[in-house]
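2 protein chains.
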Amino acid sequence: MHLDEFDRKLLRLLQLDGRLTNNELSQKINLSASQCSRRRTRLEQEGFIKGYRADLDREKLGVGIVNLITVTLATHNRDNAQRFARLVGGLPEVLEAYSLTGEMDYIIKVVTPDLRSLSAFVSDVLLPHESVQHVKTAIVLDTLKEGGALPV
Amino acid sequence: MHLDEFDRKLLRLLQLDGRLTNNELSQKINLSASQCSRRRTRLEQEGFIKGYRADLDREKLGVGIVNLITVTLATHNRDNAQRFARLVGGLPEVLEAYSLTGEMDYIIKVVTPDLRSLSAFVSDVLLPHESVQHVKTAIVLDTLKEGGALPV
DNA sequence: ACTGAAACTTCTGACGT
DNA sequence: ACGTCAGAAGTTTCAGT
Numbered sequence: 001m002h003l004d005e006f007d008r009k010l011l012r013l014l015q016l017d018g019r020l021t022n023n024e025l026s027q028k029i030n031l032s033a034s035q036c037s038r039r040r041t042r043l044e045q046e047g048f049i050k051g052y053r054a055d056l057d058r059e060k061l062g063v064g065i066v067n068l069i070t071v072t073l074a075t076h077n078r079d080n081a082q083r084f085a086r087l088v089g090g091l092p093e094v095l096e097a098y099s100l101t102g103e104m105d106y107i108i109k110v111v112t113p114d115l116r117s118l119s120a121f122v123s124d125v126l127l128p129h130e131s132v133q134h135v136k137t138a139i140v141l142d143t144l145k146e147g148g149a150l151p152v
Numbered sequence: 001m002h003l004d005e006f007d008r009k010l011l012r013l014l015q016l017d018g019r020l021t022n023n024e025l026s027q028k029i030n031l032s033a034s035q036c037s038r039r040r041t042r043l044e045q046e047g048f049i050k051g052y053r054a055d056l057d058r059e060k061l062g063v064g065i066v067n068l069i070t071v072t073l074a075t076h077n078r079d080n081a082q083r084f085a086r087l088v089g090g091l092p093e094v095l096e097a098y099s100l101t102g103e104m105d106y107i108i109k110v111v112t113p114d115l116r117s118l119s120a121f122v123s124d125v126l127l128p129h130e131s132v133q134h135v136k137t138a139i140v141l142d143t144l145k146e147g148g149a150l151p152v
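Top to bottom, those sequences are chains A and B.
Numbering-wise (the UniProt record's numbering), the first sequence opens with residue 1 and increments by one.
Numbering-wise (the UniProt record's numbering), the second sequence opens with residue 1 and increments by one.
What follows is the structure, given as structure tokens:
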């Protein structure tokens with residue numbers, strides 16, 4: 001349950017490169033490979049490591065347009081919030097979705113191939129949905145930082 | 001340079017589990033392991049795969065508070081934008097930072113252990129910085145979706 | 001708890017199709 | 001471009017300290 005300095009180093013290294021081998025890890029933190037293996041397994045089983053993801057290049061994959069869309073729900077009850085949650089859960093262009101304090105708004109991060117398809121997404125998918133009242137879009141001009149590592 | 005269906009399947013699978021072995025991949029897409037290895041290497045070298053990251057649990061690591069902070073810069077010239085970019089680049093609690101259309105605002109995603117340290121971050125780090133004019137904070141109440149896979 | 005070695009699995013380059 | 005195969009590398013279990 002508690003993390004010592006070896007565990008934290010493992011987590012730091014694996015955040016930067018999730019495919020490091022136990023051998024490579026063992027050299028970087030001065031611990032045997034077998035211990036790295038055991039600790040890594042423990043960190044995975046106890047849920048500190050939720051998984052491993054390949055980090056892909058948006059532009060190369062043709063979805064270079066990123067948009068942050070603020071969404072106001074039609075009604076602010078639990079049922080409607082669930083409908084909205086199901087909606088964004090099933091939309092592959094939505095990469096992140098958060099509910100916020102304030103006017104009980106939501107903000108979602110959406111990727112599309114171009115501005116035309118972004119516009120189509122907003123007016124054909126988002127706005128017509130029963131749970132949504134209105135949206136405010138903001139296009140990302142520049143990504144200063146992304147995929148920052150959690151401070152461990 | 002062009003991706004066929006095998007490449008796309010590899011990318012989809014590796015987004016969901018970045019530690020899949022070539023053997024496991026080969027079974028899932030009906031291709032030999034050596035071909036999976038070759039294609040994976042090519043996808044890495046050509047930049048479709050930027051890297052692999054372990055996905056950690058924020059709450060377990062004691063940084064469960066997530067905040068989206070809208071930042072207005074003091075002046076909207078290039079130098080000031082660079083100062084701000086350097087600032088967020090060096091702050092470990094900032095996981096994402098985007099510049100947006102509209103009033104030339106920025107939005108940053110910040111994680112902290114609790115509300116006290118969030119408040120300290122805003123008033124001791126962000127607001128005093130020369131590049132920043134003012135900020136508007138919004139606490140994340142619920143994460144509906146995060147780390148969504150790019151549509152490939 | 002850790003190391004080191006042994007048994008097993010995976011990786012990857014050479015070769016043939 | 002693909003599969004097969006074999007040597008190299010990595011993983012993980014287990015005995016020993």
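Just so it is clear, CB atoms sit at the ideal spot from N, CA and C, and this is done for glycine as well.
In this text the structure is predicted, and so the values were computed from the model without any measurement.
Reference residue i; option with closest CA among the options
i	options	result
Val88 of chain A	A:Lys109, A:Gly102, A:Thr75 and A:His76	A:Lys109
Met104 of chain A	A:Asn77, A:Glu93 and A:Leu141	A:Asn77
Gln82 of chain B	B:Lys28, B:Leu95, B:Asp142 and B:Tyr106	B:Tyr106
Leu126 of chain B	B:Pro92, B:Lys28, B:Glu44 and B:Lys60	B:Pro92
Ile69 of chain A	B:Asp142, B:Asn80, B:Thr101 and B:His129	B:Thr101
Thr112 of chain A	A:Ser26, A:Val135 and A:Leu61	A:Leu61
Gln133 of chain A	A:Val71, A:Thr41, A:Glu5 and A:Ser26	A:Val71
Phe6 of chain A	A:Gly18, A:Asn30, A:Leu20 and A:Leu144	A:Asn30
Asp4 of chain B	B:Cys36, B:Lys145 and B:Gly90	B:Cys36
Glu44 of chain B	A:Arg19, A:Ser26, A:Lys28 and A:Gln45	A:Arg19
Exposed unless 16 or more other CB atoms sit within 10 angstroms - verdict on residue i
i	result
Asn22 of chain A	buried
Lys9 of chain A	buried
Asn67 of chain A	buried
Ser119 of chain A	exposed
Arg39 of chain B	buried
Gly148 of chain B	buried
Leu16 of chain A	exposed
Leu141 of chain B	exposed
Ser32 of chain A	exposed
Spatial distance of residue i from residue j (CA atoms)
i	j	result
Tyr52 of chain B	Asp55 of chain A	6 Å
Leu115 of chain B	Gly47 of chain A	24 Å
Gly64 of chain B	Ser117 of chain B	11 Å
Ser123 of chain B	Asp57 of chain B	27 Å
Leu11 of chain A	Ile49 of chain A	8 Å
Ser34 of chain B	His2 of chain B	20 Å
Thr41 of chain B	Glu96 of chain A	28 Å
Thr75 of chain B	Tyr98 of chain A	30 Å
Leu13 of chain B	Lys145 of chain B	19 Å
Asn80 of chain A	Val135 of chain A	16 Å
Thr143 of chain A	Leu73 of chain B	16 Å
Glu24 of chain A	Pro151 of chain A	22 Å
Ala138 of chain A	Thr137 of chain B	17 Å
Val94 of chain A	Ala85 of chain A	11 Å
Ser131 of chain A	Pro128 of chain B	40 Å
Lys28 of chain A	Phe121 of chain A	46 Å
Glu59 of chain A	Gly90 of chain B	25 Å
Where residue i falls: helix, strand or coil (DSSP)
i	result
Val152 of chain A	coil
Glu146 of chain B	coil
Lys136 of chain A	strand
Asn67 of chain B	strand
Lys28 of chain B	helix
Leu87 of chain A	helix
Ser131 of chain B	coil
Thr101 of chain A	coil
Lys109 of chain A	strand
Leu141 of chain B	strand
Thr21 of chain B	coil
Leu43 of chain A	helix
Lys50 of chain A	strand
Leu73 of chain A	strand
Glu96 of chain A	strand
Leu3 of chain B	coil
Leu56 of chain B	strand
Leu115 of chain A	helix
Proximity test, residue i beta-carbon vs the ligand ADP heavy atom, cut-off 7 Å
i	result
Gln27 of chain A	The ligand ADP is not among the ligands present in this structure, which contains no ligands whatsoever.
* Any residues in the segment 98-123 of chain B with a beta carbon nearer than 7 Å to a beta carbon of chain A? Which ones, in chain order? -> Tyr98, Ser99, Leu100, Thr101, Gly102, Ile107 and Val111
* To do: Report the residues of the UniProt domain "HTH asnC-type" (3-64) of chain A with a CB closer than 7 Å to any CB of chain B, ordered along the chain.
  => Leu11, Leu14, Gln15, Asp17, Gly18, Arg19, Gly47, Phe48, Ile49, Lys50, Gly51, Tyr52, Arg53, Ala54, Asp55, Leu56, Asp57, Arg58, Lys60, Leu61 and Val63
* **Chain-ordered residues of the segment 77-96 of chain B with a beta carbon less than 7 Å from chain A** => Ala85, Val88, Gly89, Pro92, Glu93, Val94, Leu95 and Glu96
* **Residues in the segment 124-144 of chain A having any Cβ partner in chain B nearer than 8 Å** => Ala138, Ile139, Val140, Leu141, Asp142, Thr143 and Leu144
* To do: Check distances from the C-beta atoms of the segment 65-76 of chain B to those of chain A and list, in chain order, the residues that come in under 8 Å.
  => Val66 and Leu68
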